[in-house]
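J.:
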Amino acid sequence: MPDVDRVSALIRDVAETEILPYFRDLANAGIREKTGPADLVTLADEAAERALTPRLMDLLPGSTVVGEEAVSADKTLLDRLHGDAPVWIIDPIDGTINFANGRPLFAVIVALARAGETLAGWIYDPCDGRLATAVKGQGTFLNGKRVHVAPAVPLPEMVGALSTRFCEESLGRQLDERGMALGPRACLSSAAQEYLRLLEGRAHYSLYHRLMPWDHAAGVLLHAEAGGYSALFDGSPYRPTVLGGGVMMAPDRDSWQALHRQLFG
71 MPDVDRVSAL IRDVAETEIL PYFRDLANAG IREKTGPADL VTLADEAAER ALTPRLMDLL
131 PGSTVVGEEA VSADKTLLDR LHGDAPVWII DPIDGTINFA NGRPLFAVIV ALARAGETLA
191 GWIYDPCDGR LATAVKGQGT FLNGKRVHVA PAVPLPEMVG ALSTRFCEES LGRQLDERGM
251 ALGPRACLSS AAQEYLRLLE GRAHYSLYHR LMPWDHAAGV LLHAEAGGYS ALFDGSPYRP
311 TVLGGGVMMA PDRDSWQALH RQLFG
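The working numbering puts the first residue of the sequence shown at 71, with every later residue one more than the last.
Structure (structure tokens):
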């Protein structure tokens, strides 16, 4: 296991040199669509992933990398998640739509996994310097201070993110209707930012339908190490090798079950 602080320093350095110079500089950011207008990539995404990849591998000899931008060009790279070698999972800019539109709601996500199990995770917000870190079994830290998720509250008081963007239309309508029984909902268009909100105790739950490993491997571990409970929609544990279905976070198991009954029946 590499030193957590060395990984943190590397992430900060790459964000400073490869991401922030492009922020709010649309003329030079090279924004383009990957699969559609809601799936963007910029020069900053690509530059940051290129910079992180060899340097992370150097920190842990024998490791490999699964990066969002590399996978968009070669989906067979996802097979590395099933191997025995440790694998770094990189989302160079989570919240690219926000980044491309000049909104400071994006972050760098890095996770370390092996044999389908997440061992460590980092989420770094370059705009305000928030850094969340976790090693499995050792708790979650935000800017060096140990943190815990918000305590459980009744369903009508639960604040969170319930995005229906990637789900089937009828399920989306169901979730929107049943979600009215919950407290205020605010989707930030960045899973990383929503995980940070959970860790800060400003939200109680989040629900996601598209399980790409770079979006959730680090966040699910950070949430769990901060005392939270998560599971796939069918109740089984999340693993970074799971690419279908959905995952939901809650303060504890009872809250998760109450949310699940309310939203899915």
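Backbone N, C-alpha and C define an ideal beta-carbon position, used for all residues, glycine too.
(1) Count the other CB atoms, across all protein chains shown, that sit within 10 Å of the CB of Asp128; report buried if there are 16 or more and exposed otherwise.
(2) Which residues share a DSSP beta bridge with Thr188?
(3) Considering only their Cβ atoms, is the gap separating Thr188 from Ala287 smaller than 7 angstroms?
(4) Between which residues of its own chain and Asp154 is the CB-CB distance below 8 angstroms, once the five residues before and five after are set aside?
(5) Which full runs of the beta strand (DSSP E) of 3+ residues lie inside the region 221-256, going along the chain?
(6) So, Leu225 versus Leu245, is the Cβ gap smaller than 7 angstroms?
(7) On the DSSP letters alone, give me the boundaries of the alpha helix (DSSP H) that Val157 sits inside.
(8) Pull up the distance between the alpha-carbon of His218 and that of Asp75, whole angstroms please.
(9) For the beta strand (DSSP E) holding Met127, just list the boundary residues, first then last.
(10) Give me, in chain order, the residues of the same chain whose beta-carbon lies closer than 8 angstroms to that of Ala85; leave out the 5 immediate sequence neighbours on both sides.
(11) How big is the Cα-Cα spacing for Gly100 and Gln332?
(12) Looking at the unbroken alpha helix (DSSP H) that takes in Ala301, where does it start and where does it end?
(13) From the DSSP secondary-structure annotation, give me the bridge partner or partners of Pro90.
(14) Excluding sequence positions up to five away, which residues of its chain have a Cβ less than 6 angstroms from the Cβ of Glu88?
(15) Report yes if the C-beta distance between Trp326 and Tyr299 is below 7 angstroms; otherwise report no.
(16) Taking Trp158 as the reference, which of Asp115, Met71, His279, Phe176 has the closest Cα?
(17) I need the straight-line Cα distance from Leu281 to Ala261, nearest angstrom please.
(18) If contacts are defined as beta-carbon pairs under 8 angstroms, then Val229 and Ala294 qualify, I think. What distance do you get, rounded to the angstrom?
T.: In this structure, then:
(1) When all chains shown are included, Asp128 counts as exposed.
(2) Paired residue(s): Ala183.
(3) Yes; because the gap between Cβ atoms is below 7 angstroms, this pair is in contact.
(4) Cβ neighbours of Asp154 beyond the five flanking positions: Arg184, Ala185.
(5) DSSP runs (the beta strand (DSSP E)) wholly in the region 221-256: 230-232.
(6) Taking the C-beta atoms as reference points, Leu245 is found no nearer than 7 angstroms to Leu225.
(7) From DSSP, Val157 is part of no alpha helix (DSSP H) but of the beta strand (DSSP E) over 157-164.
(8) His218 and Asp75 have their C-alpha atoms some 20 angstroms from each other.
(9) Run containing Met127: none in the beta strand (DSSP E); it sits in the alpha helix (DSSP H), 113-129.
(10) Ala118, Val178, Tyr194, Pro196, listed in sequence order.
(11) One alpha carbon belongs to Gly100, the other to Gln332, and they sit about 43 angstroms apart.
(12) Careful: Ala301 lies outside any alpha helix (DSSP H), inside the beta strand (DSSP E) at 299-302.
(13) The sequence shown places Leu at residue 90, not Pro. None; Leu90 has no bridge partner.
(14) The beta carbon of Glu88 is closer than 6 angstroms to those of Ala117, Ala118, Ala121 in its chain, skipping five residues each way along the sequence.
(15) Against a cut-off of 7 angstroms, the Cβ pair of Tyr299 and Trp326 comes out as a contact.
(16) Nearest C-alpha to Trp158: Met71.
(17) For Leu281 and Ala261, the distance between alpha carbons rounds to 11 angstroms.
(18) The C-beta distance from Val229 to Ala294 rounds to 20 angstroms, too long to meet the 8 angstroms contact threshold.
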